[in-house]
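Chemist: Take a look at this one; I'll ask things after.
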Amino acid sequence: MPARAAVASALGEHGARQIDHGVGHRVTRWRGAARLCYAGGMADLTGALEAIRAFVRDRAWEPFHDPKNLAMAVASEAGELVAELRWVASERADEATREPETHARLTDEAADVAITLLMFCDRAGIDLAAAIPRKLDKNALRYPILMPDEAPDLLLLPWAARRALDLAGRKVSLQAWQALPLEVRRRLAGLGSVAAVDLDAVRALVEGEAIGETIEAFVPPPGAPPGLDAPGWATLSLVAQHALHAYAARGKADRMRELYDAVMSSGESQSTK
Ligand SMILES: [Mg+2]
370 MPARAAVASA LGEHGARQID HGVGHRVTRW RGAARLCYAG GMADLTGALE AIRAFVRDRA
430 WEPFHDPKNL AMAVASEAGE LVAELRWVAS ERADEATREP ETHARLTDEA ADVAITLLMF
490 CDRAGIDLAA AIPRKLDKNA LRYPILMPDE APDLLLLPWA ARRALDLAGR KVSLQAWQAL
550 PLEVRRRLAG LGSVAAVDLD AVRALVEGEA IGETIEAFVP PPGAPPGLDA PGWATLSLVA
610 QHALHAYAAR GKADRMRELY DAVMSSGESQ STK
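Under our numbering, the final residue of the sequence shown carries the number 642; numbering is consecutive throughout.
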């Protein structure tokens, strides 16, 4: 059932891989979509949503599907998913998910979680496809990659690397980024994490890999962008400040404000300086 696979993809890369290896192309799209949270794009869930709406309509279930009931349905389906792994030792959990019978049950429960979540969002007027990249953006700033060596794969272009590339006047597509050796990705993220970015080193890395294109360097002006208060601004990490300036420069003041509020309310700002 294609719609089921589409719903499964809503669980993200890892979940989708666990659920159905046949949705590999959707996993790729998902990765791209997650990266595109910086550019405003997203895979769409329309097909899955239409299939779910038809299913509900055919059974005349709408009267029971108020937001409270649907939120409870999400929780109970999540409970069923969790129950499949209850008492499984953490060290065995990956192995357990690959056992055919367990895998089949997890697949069903994961789909139930995704389906009920989509039903809830539909009823509550939440555009999940749009909400996911927006929230990923917030999370990226709330939980910046401070230690690139510890990031396992750096598949998504982190803001630290974006800062290094912006300051050095280099643009790298997501595809080119992911094709870079992991060590190079880590070094770029590391270069963008420090106050004084070694621009020559950034350019040498990009040119050494024969990727990317030269663009006008984006160097944020000093201080906070218009609309953000100075005391809070000073507590932000350089990477977060760069990201917010990048939004301001693109005329996305609302998005900038939303992210700023998210970072300030997270309590993370002081520790990410
Ligand atoms: Mg279930």
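Note that CB positions come from ideal geometry on N, CA and C, so glycine has one too.
Is the Cβ-Cβ distance between residue 607 and residue 532 less than 9 Å?
Modeler: yes
Chemist: Assuming contact is defined by CB atoms lying nearer than 9 Å, are residue 551 and residue 523 in contact in what I supplied?
Modeler: yes
Chemist: For residue 446, tell me which candidate among 527, 589 and 476 has the shortest Cα-Cα distance.
Modeler: 476
Chemist: Sorry if obvious, but does the Cβ on residue 578 come closer than 8 Å to a heavy atom of ligand 1?
Modeler: no
Chemist: How many angstroms separate the CA atom of residue 481 from the CA atom of residue 415?
Modeler: 17 Å
Chemist: Report the three-state DSSP secondary structure of residue 632 (helix, strand or coil).
Modeler: helix
Chemist: Under 8 Å Cβ to Cβ from residue 599, same chain only, skipping five residues before and after it: list those, please.
Modeler: 592 and 593
Chemist: Any heavy atom of ligand 1 within a distance shorter than 8 Å of the CB on residue 470?
Modeler: no
Chemist: Just verifying my parser: in three-state terms, what is the DSSP assignment at residue 585?
Modeler: coil
Chemist: Beta-carbon separation of residue 503 and residue 585 under 9 Å?
Modeler: no
Chemist: In angstroms with no decimal places, state the Cα-to-Cα distance between residue 625 and residue 537.
Modeler: For residue 625 and residue 537, the distance between alpha carbons rounds to 23 Å.
Chemist: Here's the rule I'm using: 16 or more other beta-carbon atoms within 10 Å means buried, otherwise exposed. How should residue 433 be labelled?
Modeler: By the neighbour-count criterion, in which a residue is buried when 16 or more other Cβ atoms sit within 10 angstroms of its Cβ, residue 433 is exposed.
Chemist: Among 453, 418, 441 and 483, which one has its Cα closest to the Cα of residue 469?
Modeler: For residue 469, the nearest C-alpha among the options comes from 453.
Chemist: Which residues have their C-beta within less than 7 Å of a heavy atom of ligand 1, listed in chain order?
Modeler: 446, 449, 477, 478 and 481
Chemist: With H, G and I counted as helix, E and B as strand and the rest as coil, what does DSSP make of residue 626?
Modeler: helix
Chemist: With H, G and I counted as helix, E and B as strand and the rest as coil, what does DSSP make of residue 621?
Modeler: In the three-state scheme derived from DSSP, where H, G and I count as helix and E and B as strand, residue 621 is classed as coil.
Chemist: In chain order, what residues of the same chain have a beta carbon less than 7 Å from the beta carbon of residue 588, not counting five sequence neighbours either side?
Modeler: 536
Chemist: Determine the direct distance from the alpha carbon of residue 616 to that of residue 501, and round the result to whole angstroms.
Modeler: 18 Å
Chemist: On a CA-only basis, which of 618, 496, 620 and 596 is nearest residue 630? Give me that one, please.
Modeler: Of the candidates 618, 496, 620 and 596, the one whose C-alpha sits nearest the C-alpha of residue 630 is 596.
Chemist: Could you please give the first and the last residue of the uninterrupted alpha helix (DSSP H) stretch that includes residue 463?
Modeler: 459-467
Chemist: Note down, in chain order, each residue of its chain lying with its Cβ closer than 7 Å to the Cβ of residue 622, except the 5 sequence neighbours on either side.
Modeler: 596
Chemist: Roughly how many whole angstroms lie between the Cα atoms of residue 499 and residue 509?
Modeler: 16 Å
Chemist: Please check if any C-beta of chain B sits within less than 9 Å of the C-beta of residue 564.
Modeler: Protein chain content of the structure displayed is limited to a single chain, and chain B is not contained in it.
Chemist: At what residues does the alpha helix (DSSP H) containing residue 604 begin and finish?
Modeler: Boundaries cannot be given for residue 604, as no alpha helix (DSSP H) includes it and DSSP labels it neither H nor E.
Chemist: Short of 6 Å in beta carbon distance, which residues of its chain neighbour residue 407, apart from the five on each side in sequence? Order them along the chain.
Modeler: The predicted model places residue 407 with a pLDDT of 34, which falls under 50 and marks its position as unreliable, so this point remains unresolved.
Chemist: Per DSSP, what kind of secondary structure is residue 428 in: helix, strand or coil?
Modeler: Of the three classes helix, strand and coil, the one that applies to residue 428 here is coil, per DSSP.
Chemist: Determine the burial state of residue 555: buried for a count of at least 16 other Cβ atoms within 10 Å of its Cβ, exposed for fewer.
Modeler: buried
Chemist: Report, in whole angstroms, the separation of the C-beta atoms of residue 560 and residue 569, which I expect to be a contact under 8 Å.
Modeler: About 10 Å; that fails the 8 Å criterion.
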